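In the numbering used here, the protein residues as written are 3 to 300. Heads up, the beta-carbon is just placed ideally off N, CA and C, and yes, glycines get one too. Owing to the predicted nature of the structure, the values given are computational and were not obtained by experimental measurement. One structure is given below, encoded as structure tokens.
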């Protein structure tokens with residue numbers, strides 16, 4: 003007697019998925035056509051070896067990857083990209099955490115003003131912001147002129163077309179992502195925990211390192227992953243702030259494809275960059291999730 007109602011219930015549940023699936027079809031087709039297919043095609047090109055622009059002598063081989071891993075220039079470029087991205091993460095974290103903590107401790111009105119200030123740079127083109135830093139970091143720019151007038155330095159510092167200039171540009175560009183990621187975790191911390199710590203005799207500094215900082219680790223990890231991933235794939239900022247002196251991997255990929263017309267080798271470079279980014283993110287997140295703070299990530 004109960005078999006028939008159970009069958010009807012299963013059929014009803016199965017049919018309830020159909021409208022949702024139909025709603026997903028347009029976005030799935032969009033993702034497949036404009037993301038999956040191009041990425042698969044680039045992967046295919048990375049295994050094609052050719053010396054001509056039209057690909058008349060194209061053969062399927064691993065020559066592109068062999069050339070990449072045997073040439074010290076491309077390996078140093080990859081390491082430079084990782085190093086600059088790590089520096090950008092550290093600078094963004096050191097600058098962003100105090101801002102996020104201030105937002106979490108402020109009143110709703112002040113919090114709104116700070117959020118507006120943090121998000122407002124995102125409304126300005128990254129090119130415009132980079133040109134602003136370009137004028138500030140020039141040898142005769144505002145920063146060098148101010149330091150020289152104060153007698154702090156005798157000669158202009160090399161702030162532009164250097165690794166430091168790229169780190170400054172990337173940190174400025176992606177600082178809002180770090181702040182917003184951290185403050186989301188800080189909002190979820192129960193204020194009564196800090197009060198309980200104070201009652202038990204913990205100083206504000208001890209309370210921060212024992213309660214606030216560990217509980218905000220998920221936001222820190224999210225912010226670091228965001229800034230690192232965006233810095234690894236950034237092209238405009240390194241091209242403007244670093245130029246030829248800082249050949250990070252996205253700039254090298256652009257030169258290979260658009261200037262040298264080596265589509266297949268540029269495709270191999272882009273996939274190595276993608277694999278390096280994914281591997282670094284996975285190692286970083288897995289290491290923290292298995293550390294002594296693993297309970298925080300559950």
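Let me make sure I understand the geometry here. Which of the options has the alpha-carbon closest to that of residue i?
| i | options | result |
| --- | --- | --- |
| residue 162 | 255, 247, 291, 110 | 247 |
| residue 2 | 265, 205, 190, 174 | The requested residue 2 is not part of the displayed model; the chain covers only 3 to 300. |
| residue 98 | 226, 274, 207 | 226 |
| residue 190 | 198, 219, 170 | 219 |
| residue 122 | 88, 39, 182, 272 | 182 |
| residue 51 | 42, 39, 69, 36 | 69 |
| residue 287 | 47, 224, 170 | 224 |
| residue 76 | 293, 284, 207, 272 | 272 |
| residue 245 | 282, 136, 281 | 136 |
| residue 170 | 103, 95, 72 | 95 |
| residue 179 | 142, 198, 117, 153 | 117 |
| residue 74 | 101, 263, 249 | 249 |
| residue 107 | 71, 264, 192 | 192 |
With C-beta atoms as the reference, is residue i less than 8 Å away from residue j?
| i | j | result |
| --- | --- | --- |
| residue 86 | residue 168 | yes |
| residue 93 | residue 230 | no |
| residue 221 | residue 194 | no |
| residue 185 | residue 105 | yes |
| residue 211 | residue 66 | no |
| residue 80 | residue 279 | no |
| residue 336 | residue 282 | A query on residue 336 cannot be resolved here, the shown segment of the chain reaching from 3 to 300 and no further. |
| residue 125 | residue 146 | no |
How long is the line joining the alpha carbons of residue i and residue j, rounded to whole angstroms?
| i | j | result |
| --- | --- | --- |
| residue 205 | residue 114 | 29 Å |
| residue 140 | residue 164 | 11 Å |
| residue 151 | residue 166 | 22 Å |
| residue 215 | residue 89 | 21 Å |
| residue 284 | residue 290 | 10 Å |
| residue 110 | residue 261 | 51 Å |
| residue 203 | residue 213 | 13 Å |
| residue 209 | residue 196 | 6 Å |
| residue 138 | residue 144 | 5 Å |
| residue 292 | residue 217 | 15 Å |
| residue 31 | residue 24 | 11 Å |
| residue 274 | residue 48 | 10 Å |
| residue 35 | residue 200 | 56 Å |
| residue 27 | residue 232 | 29 Å |
| residue 63 | residue 276 | 20 Å |
| residue 112 | residue 103 | 13 Å |
| residue 120 | residue 60 | 50 Å |
| residue 100 | residue 149 | 26 Å |
| residue 264 | residue 72 | 18 Å |
| residue 37 | residue 82 | 27 Å |
| residue 127 | residue 42 | 30 Å |
| residue 156 | residue 29 | 59 Å |
| residue 22 | residue 228 | 30 Å |
| residue 78 | residue 198 | 51 Å |
| residue 19 | residue 33 | 21 Å |
| residue 269 | residue 46 | 9 Å |
| residue 252 | residue 154 | 36 Å |
| residue 53 | residue 142 | 45 Å |
Under a CB-based cut-off of 8 Å, is residue i close to chain C?
| i | result |
| --- | --- |
| residue 102 | No chain C is part of this structure, which consists of one protein chain only. |
Got a sec: does the ligand ADP put a non-hydrogen atom nearer than 7 Å to the Cβ of residue i?
| i | result |
| --- | --- |
| residue 271 | The ligand ADP is not among the ligands present in this structure, which contains no ligands whatsoever. |
The stretch 233–240 / the stretch 124–139 touching (three or more Cβ pairs under 8 Å)
With a cut-off of 8 Å, the stretch 124–139 and the stretch 233–240 count as touching, because enough Cβ pairs lie within range.
Within the chosen definition, does the stretch 175–184 reach the stretch 253–262 through at least 3 CB pairs nearer than 8 Å?
Contact annotation: the stretch 175–184 does not touch the stretch 253–262, with fewer than three C-beta pairs closer than 8 Å.
Ignoring anything shorter than 4 residues, give me the alpha helix (DSSP H) runs that lie fully in the stretch 30–56, in order along the chain.
39–48
Runs of alpha helix (DSSP H) lying entirely within the stretch 62–114, each at least 4 residues, in chain order:
65–72, 74–107
Where are the alpha helix (DSSP H) runs, 4 residues long or more, that stay fully inside the stretch 129–153, in chain order?
144–151
Scan the stretch 157–230 and note each continuous alpha helix (DSSP H) run of 4 residues or more that stays entirely inside, going in chain order.
165–189, 193–201, 206–209
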